[in-house]
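Some notes on the structure that comes next.
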Amino acid sequence: MADTQPREPPDPRESKPRSNGNKRWSPLALCLFVAACSLTVLITVDFILFQFSQQHQSQSQPASDHIEPVHDQASSVLTWDPKSASATRASVQATSETSSAFPNNIAPPRQFRISNDLTIQTKPTIRDYVFNITRGLAAPGRYNKSMILVNGQTPGPLIEANVGDTIRVKVNNLMLNESTTIHWHGIDQRDTVWMDGVFGITQCGIPPGETFTYQFDIIDQRGTFWYHSHLSLQNTDGLYGPMIIHDRHEKIGDIDEDRIVMVGDLYHQPAEELLSQYLSPSPPWSLDMPGMEPPADNVLINGHHRSECRLPTDGARDSGIRTGKSGAHSGDDNNPDACVDVSPFSIRVNSGATVRLRVINHGTFLPFWFSVDNHTLEVVEMDGVEIQPLPTTRLFLHPGQRYSAILTANQTEGNYLIRAAAARWCFDPMDDSLYPPTSNLAKVGFQATEVLSYSNTPDNSQPIGVPGNHTDSGIMSPWVEECLDLPFDLPQPLRSKSAYQVGEKNHHFFEYKMVLQDGAYYTVVNETNYAPLSSDAALWRVLAANDSSAETGSGRDSWDFVGSHLERWRCCSRLINTLSGQAFQVVGWGEGLYGKGKTTWKLDNPMRRDTVTIPGSSHLIIRIPADNPGIWAFHCHLLWHAHGGMFVAIGQQMEKLQNMLQGQDVSSDFVHRFCSGSMN
């Protein structure tokens with residue numbers, strides 16, 4: 001890897017101007033002065049033109065590129081203060097990330113290093129944040145595109161809190177013509193279903209120019225989470241960010257460093273355009289096979305990577321590479337000016353240090369293998385659940401899933417590549433035409449890389465180590481099958497819980513299959529294709545409903561959900577399910593339909609997750625306590641599939657929910673007031 005990682009330049013505002021006093025100017029000094037003035041004028045004009053072009057793209061763009069959290073010691077409240085934006089331009093210490101100048105509106109590297117700014121304590125505290133949501137140009141993967149920004153950046157700012165805290169986020173929607181929502185992925189919304197942020201289920205979109213405040217308690221959770229928009233495909237276009245819940249009694253052992261690594265796929269074309277093409281009879285990337293998901297253009301780590309931006313050759317055009325507005329790219333992809341320079345940054349560690357890597361797949365579709373050359377990883381957390389440590393050579397993550405792994409910096413001092421490799425055989429096993437050698441994803445090697453840099457290693461040193469080469473040859477990956485989760489009976493939660501007890505009639509069956517409608521493929525669940533309400537939310541229709549718990553079965557203590565995925569039309573089809581509002585236990589799994597073949601059960605301390613994989617031609621049984629009143633989204637987290645109909649709404653404790661909603665002041669800052677005339 002020939003690229004260097006220079007440190008951030010010092011802030012020029014730290015230099016004090018020199019006074020000329022009454023000294024006379026020499027001819028040479030006068031010439032230099034005139035030249036400097038001319039250069040200043042040119043830079044000023046260029047800056048004004050740049051600002052004008054930025055405003056033309058998004059008139060509501062914040063003035064600052066990055067906004068840092070400020071801790072108010074008097075009130076123990078976290079706020080977002082634009083005045084502190086200059087802090088992001090300061091030099092970093094030798095043990096922190098190094099970077100070149102990052103492209104406009106990409107989150108700074110320091111955001112992904114968890115510092116000691118937040119005191120880990122047991123005293124409940126309100127954690128306040130303000131999110132300004134805008135549209136603006138950003139350059140993830142070196143490619144300039146319109147993205148949705150949170151406080152002027154993507155990924156969005158880090159949210160941190162302790163167990164027992166209250167998180168309060170004021171969301172100002174400053175976009176010109178788009179509504180939005182924010183979902184808090186993996187957070188148990190205990191008696192606060194209206195704060196879950198799922199468009200059409202728990203709320204309508206926050207209209208342009210409007211403000212909504214999310215507020216919810218962190219009751220008994222800790223670990224790695226994230227937030228993202230749950231309206232259309234705004235997550236794909238950049239509205240996402242990390243969220244960390246601390247606990248003084250978290251069962252992971254002592255660590256020296258705590259880092260966040262967000263991995264995901266990138267699409268150069270606006271997500272709404274891709275969705276429209278995906279749900280058409282002839283997608284540009286697969287003219288004779290509808291239902292094929294849009295091929296991604298790049299892989300990101302913490303919001304950036306490289307991209308091939310040169311004009312495609314005639315041969316590339318002839319081979320079906322997406323070139324222009326009729327394909328999967330916008331026309332700007334054919335313009336080298338659409339690209340900006342991007343350099344990878346390094347995670348600096350001291351030799352012998354133990355580093356917690358919190359890996360999050362924020363992507364739309366692609367699964368990833370995550371590894372660090374020559375280093376072993378020890379998995380200690382999955383989806384916010386501490387587990388008995390599992391040594392491995394790599395991690396496998398589907399969209400929405402999170403893992404914490406402990407890395408010990410015990411190798412020869414040097415630079416080692418951190419890899420997020422797209423598991424391409426999981427999503428195009430039949431045909432290489434989606435990703436021919438001339439495609440951008442192929443040109444970047446189907447992966448993104450960062451650098452793990454030992455502190456005494458020069459920044460420009462070439463990486464050493466070999467992918468998949470680990471010092472302990474006895475360590476094997478516990479992922480025994482490609483494209484699947486860990487064996488469900490392998491992870492052992494450290495906070496032991498037996499399986500919830502259910503009655504014989506407390507079973508709900510979901511059968512997923514693809515159907516052809518108007519020449520395009522959609523997913524139906526129990527022969528029903530889901531469509532969100534366009535100007536209302538299911539939650540707020542409960543007030544007018546007459547359903548009782550006795551009639552719907554929603555008052556029972558615990559439920560089994562049996563999901564069956566029967567499709568084999570693609571040889572490696574996968575279903576990634578997530579349940580909003582609460583985690584579930586994975587208690588059973590097997591081949592084929594439930595009841596028609598063997599089911600393996602695990603009722604003693606089963607694994608708890610919020611996002612899980614169901615292989616093709618198989619079934620999976622998850623169990624939840626039906627004790628949290630609400631309407632909850634249960635859907636595939638491969639977002640193309642979710643918007644193709646793989647989506648279910650689940651009601652719990654409906655009578656209690658009606659009483660809770662009737663007790664709310666609908667004129668207050670609740671989402672209900674946005675359900676009339678919302679722009680979506």
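Residues in the sequence shown are numbered from 1 upward in steps of one, following the numbering used here.
Ideal Cβ positions, reconstructed from N, Cα and C, are used throughout, including at glycine.
Because the structure is a prediction, the values reported are computed rather than measured.
(Q) Please report the straight-line C-alpha distance between Val-451 and Ile-255, rounded to a whole angstrom. (A) 20 angstroms
Q | Which residues DSSP lists as bridging Ile-260, in chain order | A | Arg-358
Q: Measure from the alpha carbon of Trp-425 to the alpha carbon of each residue in Arg-541, Glu-482, Gly-264 and Val-171, then state which is nearest.
A: Glu-482
Q: Please name the residue in Asn-132, Ile-244 and Lys-123 whose C-alpha comes closest to that of Ile-206.
A: Asn-132
Q | Supposed contact pair Leu-274 and Asp-297 - C-beta distance, whole angstroms, cut 8 angstroms | A | With a Cβ gap of about 10 angstroms, Asp-297 and Leu-274 do not count as contacting.
Q) How is Leu-233 classed by DSSP in three states: helix, strand or coil? A) coil
Q: Ignore the nearest five residues each way along the sequence and tell me which others in Gln-754's own chain have a CB closer than 8 angstroms to its CB.
A: A question about residue 754 goes unanswered here, because the residues of the chain that appear run from 1 up to 680.
**Q.** Contact set for Phe-112: own chain, Cβ-Cβ below 8 angstroms, skip 5 residues either direction
**A.** Glu-97, Leu-158, Pro-242, Arg-259, Ile-260, Val-261, Met-262 and Asn-302
Q. CB Val-542 to CB Gln-658, shorter than 9 angstroms?
A. yes
Q. How is the beta strand (DSSP E) around His-228 delimited, first residue to last?
A. 223-228
(Q) By the DSSP assignment, the alpha helix (DSSP H) with Trp-640 in it spans what residues? (A) 639-643
Q | Cut-off 7 angstroms between Cβ atoms - residues of its own chain near Asp-689, not counting five sequence neighbours on either side | A | Nothing can be reported for residue 689: it is not among the residues displayed for the chain, which extend from 1 to 680.
Q.
Taking the alpha carbon of Asp-627 as the reference point, which residue from Thr-122, Thr-192 and Arg-135 has its own alpha carbon closest?
A. Thr-192
**Q.** Asn-440 - DSSP class collapsed to helix/strand/coil
**A.** helix
Q: Could you please give the first and the last residue of the uninterrupted alpha helix (DSSP H) stretch that includes Tyr-278?
A: 271-278
(Q) Alpha carbons only, please: which of Gln-388, Arg-419 and Lys-251 is nearest the one belonging to Val-733? (A) No information on residue 733 is available, as it lies outside the stretch 1 to 680 that the chain covers here.
Q. Excluding sequence positions up to five away, which residues of its chain have a Cβ less than 6 angstroms from the Cβ of Arg-358?
A. Thr-224, Ile-260 and Ser-404
Q | Rounded C-alpha distance that separates Val-385 from Pro-493 | A | 7 angstroms
Q: Quick one: residues in its chain with C-beta nearer than 6 angstroms to the C-beta of Glu-210, no 5 flanking neighbours on either side, listed in chain order?
A: Asn-173
(Q) Quick check on Trp-194: does DSSP put it in helix, strand or coil? (A) helix
Q: With DSSP as the reference, please indicate the residues paired to Phe-368 in a beta bridge.
A: Leu-397 and Ala-422
Q: Tell whether a beta-carbon distance below 9 angstroms holds between Gln-187 and Gln-234.
A: The sequence given here places Ile at residue 187; Gln does not occur at that position. No. Outside cutoff.
(Q) If you follow the alpha helix (DSSP H) that Lys-686 is in, where does it begin and where does it stop? (A) Missing from the structure shown is residue 686; the chain here goes from 1 to 680 and no further.
Q | Close-in-space but distant-in-sequence residues of the same chain around Thr-393 (CB under 8 angstroms, 5 per side omitted) | A | Ser-371, Thr-376, Leu-377, Gly-468, His-470, Ile-475, Met-476 and Ser-477
Q | With 16 other Cβ atoms within 10 Å as the buried cut-off, status of Arg-356 | A | buried
Q) How would you call Arg-135, buried or exposed, if buried means at least 16 neighbouring beta carbons within 10 angstroms? A) buried
(Q) Let's test the definition: count the other Cβ atoms within 10 Å of the Cβ of Gly-197 and tell me whether it reaches 16, buried, or not, exposed. (A) buried
Q | Rounded separation between Phe-647 and Val-349 - CA only | A | 43 angstroms
Q. First and last residue of the alpha helix (DSSP H) that includes Leu-657?
A. 654-662
Q) Buried or exposed: where does Gln-662 fall if 16 or more other Cβ atoms within 10 Å of its Cβ makes it buried? A) exposed
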